[in-house]
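Trainee:
There are 2 protein chains.
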Amino acid sequence: MAVKELSQIERQLAILRRIPTEPQKVTVNDLIEYLETSHNLGNLSKRSIQRDMAMLERVFGVHVKTMGRENYYYFPQGSHISLKKMGPDLALGFLLMEKYTHSLLPEASLDALAPYFKEAKLALKNEKYKYADWEKRVAIYPKVYPLEPAKFNANHLLDIYKALLLNKQFKMNYTKKGGETKDYIVSAQGVVQQEQVSYLIATYEGQKAEGLIQFAIHRINNIEILDSSPKRVAGFDIREYLEQGGLDISLYDDQCIELIFNRSTAQHLNETPLAKDQTLTELIDGRVRVTATINITQSIKWWLLGFGDQVEVIRPKAFRDDMKKTVQGMMQLYSHKSL
Amino acid sequence: MAVKELSQIERQLAILRRIPTEPQKVTVNDLIEYLETSHNLGNLSKRSIQRDMAMLERVFGVHVKTMGRENYYYFPQGSHISLKKMGPDLALGFLLMEKYTHSLLPEASLDALAPYFKEAKLALKNEKYKYADWEKRVAIYPKVYPLEPAKFNANHLLDIYKALLLNKQFKMNYTKKGGETKDYIVSAQGVVQQEQVSYLIATYEGQKAEGLIQFAIHRINNIEILDSSPKRVAGFDIREYLEQGGLDISLYDDQCIELIFNRSTAQHLNETPLAKDQTLTELIDGRVRVTATINITQSIKWWLLGFGDQVEVIRPKAFRDDMKKTVQGMMQLYSHKSL
DNA sequence: CTGTGGTGCGTCATATTGTGTCGTACTTGA
DNA sequence: TCAAGTACGACACAATATGACGCACCACAG
């Protein structure tokens, strides 16, 4: 490639893109090498780059630290440069994302995102928009999960993601169901986030049986990323894993379900269908017969039980019997006098 | 304020921040006025700004359109300038947010966010990070909601948010439960997003009784933002509204609940407690007595029913009787022979 | 249709700013 | 203590930005 000439501004922007955030840093010599190799430039004097840095410091808030005889340049953590003002669509997107996810994201990510959220709020505070009481007007409200979220260290999640991305194994200390803790050398295969609880899908060193193990992330006590490469399970795909009932085992082979709903309850199946092939038929007694093809899992059973006497399971027969048995168990509970 | 002098770069950056995205546009005269008022600059020649624009076009991809005798400048939709490269924490934050929210956000917001997501993926594709199969390794998986999401037009949601922010009323066509449609002039008070379904909390013109009305957003057929100001309900706070059972009515005044769980089922209450003041006591028969202070709502009943015979409601008495009655109803369903 | 006043843009002399080459002060490591 | 490397101020010179034209073009009004 030919040696190009770059105008001052273009050169300064190229430098800007090279400046890392806080833990990392860069020297003038690094920058020269970068510009010469990546941008095929010759003929840049060190003095000019030094002057550029002074300007970037003044205009873009690049930080400088003189350590020893060299200057190191970096962005402080959570810094942000915005050249383009956010439009309302974009700003709203950020605000909604913050609402939806702020309890789910690792701290480090939240810190890094904070300037974007701040900017979004600012963008909605100008002449036209009145961001004033957004907090008082918009809420996300979980329906069926009155539980407090598991005390869940999102930093561990971050470490797992990093291990996945860096293609490394990691060592973790984990509290097993019984309460005993154990160290594992883990090859992460995937992560599933389910409502408030996240699971790591992985294999570990010294595993007795073949297969993928699920670890609850909130039971992880400590993580340390190792240098070794993980043992990858060939052809692993988290969606296939979930479809084959990774978290949620199919109770029956039969996937054709037939239910009879109360009329009022059936109504909302119109809006949120059980499956794409769902059919609804009104019966003589006013109730509604529903058929659909779905994996019949523990979740489905739970969901149907939740409707109480407003739904009756007809098919598969085995599922009906299962429901009947459960109801008999419940009946027994409430036949006793309460303690 | 004194008339400041700005260097070329600083001026160009100031201009850049003033350039809007596509539907809007800006002329050189607008920019001069902006710089003179907002940045207290005098002495800028029109020719210099014109030259600046040529440079911004070349370096930052600002688009220009000559309409009539003037030039209009704007950013194309979905354009994005990144001067700072994303760190891994930030990039992960974006990827997770995309995973969590991409089915919930309005199209326009998604389009505007797309460059950020793209940049995040790029940031994880460099020397160190292997973004390769993120899609195959990370999933969000709803637990208790096997339903297909309501066909829900996120653009209507966007319009509602805009009406809230712009402090305007809007007109909407809405399909009522029965199936009939009706036009409303609406004063939005808030929005609640609950799992897959979003609700607009509002008052409307010609409302018969006092009070806040809930509209399901997926039943809205059309929205048009008006110029009139909404009637604000004094002191409205969505959190208070929800706590007082806006969506989810308390069934009983008594908030002290007492349950007896199976041992295995009770275990996960350790991790995700029912409430902050929850107490667990093991009984002689191995089951676990749980007490907690919570709003006893339809959701809670649903949730408890879901456990089938693994939980028994003890108190409040009225709630126990309610559960008993429901179980008797279920018993009746399953005593019949199936059709 | 024609004139007036506005715009964009090329050009040129001039003012301003960027650049390379010093020198000096300072730090580190041999 | 000295050599070698860095940061940075100063200075002359080169490069670039600026303002003042002029021309071409367009819109609008008379």
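These protein sequence lines are chains E and C, in that order. The first sequence begins at 1 in UniProt numbering and counts up by one. The second sequence begins at 1 in UniProt numbering and counts up by one. Cβ atoms here follow ideal geometry from the backbone N, Cα and C, with glycine treated the same way. Because the structure is a prediction, the values reported are computed rather than measured.
So that I know if they touch, is there some Cβ in chain E lying closer than 7 Å to that of E224(C)?
Mentor: No, because no Cβ of chain E sits closer than 7 Å to the Cβ of E224(C).
Trainee: Excluding sequence positions up to five away, which residues of its chain have a Cβ less than 7 Å from the Cβ of L31(E)?
Mentor: Counting only Cβ-Cβ distances below 7 Å, and skipping sequence neighbours, we find I15, R18 and I49.
Trainee: Should N262(C) and Q310(C) be called a contact, given that it needs their Cβ atoms to be closer than 7 Å?
Mentor: In contact: N262(C) and Q310(C) (Cβ atoms closer than 7 Å).
Trainee: Do you know offhand how far H80(E)'s Cα is from L110(C)'s?
Mentor: The straight-line gap from Cα to Cα measures roughly 21 Å.
Trainee: Give me, in chain order, the residues of the same chain whose beta-carbon lies closer than 7 Å to that of G78(E); leave out the 5 immediate sequence neighbours on both sides.
Mentor: Within the same chain, G78(E) has close Cβ partners D111, A112, A114 and P115.
Trainee: If you follow the alpha helix (DSSP H) that E36(C) is in, where does it begin and where does it stop?
Mentor: V28 to S38 is the extent of the alpha helix (DSSP H) around E36(C).
Trainee: What's the C-alpha gap between A2(C) and L35(C)?
Mentor: Interpretation of A2(C) is limited by its pLDDT of 47, a score under 50 that renders its predicted location unreliable; no figure is taken from the coordinates.
Trainee: Pull up the CB-CB distance for T175(E) and N221(E), whole angstroms please, since I reckon it's below 8 Å.
Mentor: That belief holds up - the Cβ atoms of T175(E) and N221(E) are roughly 6 Å apart, short of 8 Å.
Trainee: Counting only C-beta atoms, is D309(E) closer than 7 Å to chain C at any point?
Mentor: Yes - at least one Cβ of chain C is within 7 Å of the one on D309(E).
Trainee: Consider the Cβ of D285(E): report whether some Cβ of chain C lies at a distance smaller than 7 Å.
Mentor: Chain C, which has no Cβ nearer than 7 Å to the Cβ of D285(E), makes this no.
Trainee: Have a look at L104(C), N295(C) and D227(C) and flag the residue whose alpha-carbon is nearest the alpha-carbon of D254(C).
Mentor: Per the Cα distances, N295(C).
Trainee: Just curious, the alpha helix (DSSP H) that S48(C) is in, first and last residue?
Mentor: Start and end: K46 to F60.
Trainee: Would a C-beta distance cut-off of 7 Å place T27(C) and E70(C) closer than the cut-off?
Mentor: Yes. Within cutoff.
Trainee: In angstroms with no decimal places, state the Cα-to-Cα distance between K162(C) and M86(E).
Mentor: K162(C) and M86(E): Cα-Cα distance of roughly 15 Å.
Trainee: At which residue ranges does the stretch 295-336 of chain E contain complete alpha helix (DSSP H) runs of 4 or more residues, listed in the order of the chain?
Mentor: Fully enclosed alpha helix (DSSP H) runs of 4 or longer: 298-306 and 317-335.
Trainee: Suppose you measure from the CA of K121(E) to the CA of F170(C); what does that come to, to the nearest Å?
Mentor: If I take the Cα positions, the gap works out to 23 Å.
Trainee: Just mark residue 345(E) as buried or exposed, buried being the case when its beta carbon has 16 or more other beta carbons within 10 Å.
Mentor: Nothing can be reported for residue 345(E), as the shown portion of chain E is limited to 1 through 339.
Trainee: Thinking just about the alpha-carbon of each residue, which of Y334(E), G178(E), K325(E) and E243(E) is nearest to the one in K325(C)?
Mentor: Among Y334(E), G178(E), K325(E) and E243(E), the Cα nearest to that of K325(C) is on Y334(E).
Trainee: When you compare the CB of K324(C) with every CB in chain E, is at least one pair closer than 7 Å?
Mentor: Output row for K324(C): interface = yes.
Trainee: Rank G306(E), K46(E), L251(E) and K25(E) by C-alpha distance to the C-alpha of A318(E) and give the top, closest one.
Mentor: Ranking G306(E), K46(E), L251(E) and K25(E) by Cα distance to A318(E) puts L251(E) first.
Trainee: Check the Cβ of R263(E) against every Cβ in chain C and list those closer than 9 Å, keeping chain order.
Mentor: Those within 9 Å of R263(E) in chain C number zero; the least Cβ separation is about 12 Å.
Trainee: As a quick exercise: from V186(C), H39(C), L165(C) and N167(C), pick the residue whose alpha carbon is nearest that of N173(C).
Mentor: When only C-alpha atoms are compared, the closest one is V186(C).
Trainee: For A120(C), which of helix, strand or coil comes out of DSSP?
Mentor: Note: A120(C) maps to helix in three-state DSSP.
Trainee: Which value, in whole angstroms, describes the spacing of the CA atoms of L158(E) and K168(E)?
Mentor: In a straight line, the C-alpha of L158(E) is about 14 Å away from that of K168(E).
Trainee: Pull up the CB-CB distance for R239(E) and A292(C), whole angstroms please, since I reckon it's below 8 Å.
Mentor: That pair is no contact at about 37 Å.
Trainee: Helix, strand or coil, according to DSSP, for G190(E) in the structure here?
Mentor: Looking at G190(E) - three-state DSSP - the assignment turns out to be strand.
Trainee: If you reduce the DSSP assignment to three classes, tell me which class N262(C) lands in.
Mentor: The answer is coil: DSSP assigns N262(C) none of H, G, I, E or B.
Trainee: Contact defined as beta carbons within less than 8 Å: I believe L259(E) pairs with I314(E). What is the distance between those atoms, to the nearest angstrom?
Mentor: Right, the Cβ-Cβ distance comes to about 6 Å (below 8 Å), so this counts as a contact.
Trainee: Between which two residues does the beta strand (DSSP E) containing T203(C) stretch?
Mentor: Note, T203(C): beta strand (DSSP E), V197 to Y204.
Trainee: Tell me whether R287(C) sits in a helix, a strand or coil according to DSSP, three-state version.
Mentor: R287(C): coil per DSSP, three-state reduction.
Trainee: Identify the continuous beta strand (DSSP E) that holds T281(E) and give its terminal residues.
Mentor: Counting along the chain, the beta strand (DSSP E) containing T281(E) begins and ends at T279 to E282.
Trainee: Give every residue of the same chain whose Cβ lies closer than 6 Å to the Cβ of L339(E), excluding the five residues on either side of it in the sequence, and list them in chain order.
Mentor: Caution applies to L339(E), whose pLDDT of 48 falls short of 50 and renders its modelled position unreliable; the model cannot decide the point.
Trainee: By the DSSP assignment, the alpha helix (DSSP H) with I81(E) in it spans what residues?
Mentor: No alpha helix (DSSP H) contains I81(E), which DSSP labels as neither H nor E.
Trainee: For L96(E) versus L105(C), is the C-beta distance shorter than 7 Å?
Mentor: The answer is yes: Cβ separation under 7 Å.
Trainee: Is the CB of G179(E) under 7 Å away from at least one CB in chain C?
Mentor: No, no contact with chain C.
Trainee: At 7 Å on the CB atoms, spell out the chain C contacts of I140(E), in chain order.
Mentor: By Cβ distance, chain C contributes Q193.
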